[in-house]
Amino acid sequence: MPGSLSILKLAGFKPLFAAFALLFVLANPAAAQLSFKPTAEAVQEDKLLNALKEGDKITGRVSIPDGMAASLIQPAGRDWRDFQRSKLPWIGGVAILGMLALLAIFLMVRGRIRVHQGFSGRTILRFASFERFTHWLTASCFIILALSGLNVSFGRILILPVFGPEAFATMSAWAKLAHNYLAFPFMLGLVIMFLIWIRDNIPGKLDLEWIKQGGGLLSNGKHPPAKRFNAGQKGIFWIVIIGGALMSVSGWFLLFPYLPANVTALQFWTVIHAVIAMLFIAAMLAHIYIGSVGMEGAFDAMGSGEVDLNWAKEHHSLWVEEEQAKASAPPDSPRAVPAE
Amino acid sequence: MKSFVAALAFAVIAAVGVAMVLNTFQQSSSVAFSTTGARVGDPGHNLIGPG
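Residue numbers (the working numbering), protein chains in the order written: chain A, 372 to 711; chain B, 3 to 53.
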């Protein structure tokens, strides 16, 4: 062990080294002062970073076509990282778990909303096959996008310990691919939805009355009149359209990260994508609840497309009247429309 | 049920189709950002996949 021997030998000269050091310190007080500030440069660097205002950054010069690579230090990135690690999980947790808790409480207090007059046995076509196709196209993509997106935010905390690193890495890689590419049929579904349902989702005075009466959700058998879509459904429609548009635009920038002007813009769009996603998922949980467990007979609208006539009369009385008027109109009447 | 199955099938086909189309446009970073004066190293399979 030559190294150890050398150290032992040097240890013998320790008092001598100390005496020389003391002499050096006494003779050169300025140098001694510097030797007690080994982190002086780091402190200055920290002050420099703190002095940079939001949007400021230290850039260099690059010769490759990737101009973003010239960003050397961008202090705003620390705020972005802190947001991703601390605030976003709270926003997501409160929004999603809060919504689940609210729905559970609502189910316990209100119970399942029944068809007050019971099923009539007669049905009326509520959604044509193309409308159901569009709904399920968007919905199925949304579910995969939501789960794979939540995996990005919470997977490391919740799934990694259960799956283990190998399985989690494989699952996450596939989830990322699904997220990237199912975004496109999702966006297509949004556009079709907007085009086919916008006409029936324009807010009107009738919606105010529906909202005043709480949509009849809190009272048994008493439902405010509504056309094809009530105010609650219109709300869901606009959440989907506006939320979906924001998700699409921000997602487009994440899919093609060199479209935004700079790193700061890219970070901005990731925050928009993540926050809207959490709120969007929470809202869709309410939609899924009321369309399945929460309301008797509601699922049939998107299941078979035909709903029970009594259900339709209770929840969309004016729409039923319109449809029945169309059906009973003479063939030469200008109001008659071909059957779907 | 038919609408649901058709929607699922269409979503998968559309996603695969988009992936194929985009892959014809995409270049790996080692190719896209290399110039005659700067060569970007191939980061390998871990980041951008094979090829």
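Every residue, glycine too, gets a C-beta built ideally from N, C-alpha and C.
Between isoleucine 435(A) and chain B, the shortest Cβ-Cβ separation is below 7 Å.
When C-alpha distances from methionine 439(A) are compared across Ala447(A), Thr430(A) and Pro446(A), the shortest belongs to Thr430(A).
Of Asn633(A), His644(A), Val533(A) and Val465(A), the smallest CA-CA separation from leucine 516(A) is found for His644(A). Inter-residue distance for glutamine 488(A) and serine 688(A) is about 14 Å (C-alpha atoms, whole angstroms). For glutamate 677(A), the beta-bridge partners assigned by DSSP are Leu496(A). Close to chain B, meaning a Cβ-Cβ distance shorter than 9 Å, are the following residues of the region 548-560 of chain A: Leu548, Ala549, Asn551, Tyr552, Leu553, Ala554, Phe555, Pro556, Phe557, Leu559 and Gly560. Around the beta carbon of proline 556(A), a 10 Å sphere encloses 16 or more other beta carbons of the protein chains shown; the residue is thus reported as buried. Beta-bridge partners of methionine 666(A) (DSSP): Ile484(A). Residues of the region 9-32 of chain B whose Cβ lies closer than 9 Å to any Cβ of chain A, in chain order: Ala9, Leu10, Phe12, Ala13, Val14, Ile15, Ala16, Ala17, Val18, Gly19, Val20, Ala21, Leu24 and Ser31.
Note that the region 498-513 of chain A touches the region 554-574 of chain A; at least 3 beta-carbon pairs, one per stretch, sit closer than 8 Å. For leucine 443(A), the enclosing beta strand (DSSP E) covers residues 442-444. For glycine 585(A), the number of other beta carbons within 10 angstroms of its own is below 16, and it is reported as exposed. Counting only runs that start and end inside the region 428-480 of chain A, the alpha helix (DSSP H) elements of at least 4 residues fall at 447-453. Using a C-beta cut-off of 8 Å, the region 676-686 of chain A makes no contact with the region 644-660 of chain A, since fewer than three inter-stretch Cβ pairs fall below that distance.
Taking a beta-carbon distance threshold of 7 Å, tryptophan 507(A) counts as an interface residue toward chain B.
Annotation: the continuous alpha helix (DSSP H) that includes proline 532(A) extends over 531-534. Here the alpha carbon of glutamate 537(A) sits roughly 9 Å from the alpha carbon of leucine 531(A). When C-beta distances to chain B are compared with 7 Å, the residues of the region 503-527 of chain A below that value are Arg503, Phe504, Trp507, Leu508, Ser511 and Cys512, in chain order. Nearest neighbour of methionine 564(A) by Cα position, chosen from Leu577(A), Phe498(A), Gly448(A) and Lys576(A), turns out to be Phe498(A). DSSP, reduced to helix, strand and coil, places asparagine 601(A) outside both helices and strands of the structure shown, so it counts as coil.
Between alanine 657(A) and methionine 470(A), the alpha-carbon positions lie close to 7 Å from each other. In this structure, the alpha-carbon of asparagine 572(A) lies about 14 Å from that of tryptophan 581(A). Interface with chain B (7 Å Cβ-Cβ cutoff): serine 500(A) is included.
For the options Gly575(A), Asn551(A), Ala597(A) and Gly674(A), the alpha carbon positioned closest to that of glycine 622(A) is the one of Asn551(A).
Using a Cβ-Cβ cut-off of 7 Å, glycine 39(B) is close to Ser434 of chain A, given in chain order.
For glycine 489(A), the secondary structure class from DSSP, reduced to helix, strand or coil, is coil.
Here glutamine 584(A) carries a coil assignment [DSSP, helix/strand/coil]. The beta carbon of glutamate 667(A) sits closer than 8 Å to the beta carbons of Arg483, Ile484, Arg485, Val486 and Trp682 from its chain, once the five residues preceding and following it are set aside; these are given in chain order. In the three-state reduction of the DSSP assignment, methionine 558(A) falls in the helix class, which pools H, G and I. Under a 10 Å Cβ-count criterion, leucine 579(A) is classified as exposed, with fewer than 16 other Cβ atoms of the shown protein chains found around its own Cβ. Across the set Ala597(A), Leu588(A) and Leu566(A), the C-alpha of Ala597(A) shows the shortest separation from the C-alpha of glycine 575(A).
Isoleucine 15(B): member of the alpha helix (DSSP H) spanning 4-27, first to last residue.
In this structure, DSSP gives valine 691(A) a helical state, which the three-state scheme calls helix. Scanning Leu443(A), Lys684(A) and Gly520(A) for the CA closest to the CA of lysine 593(A) turns up Lys684(A).
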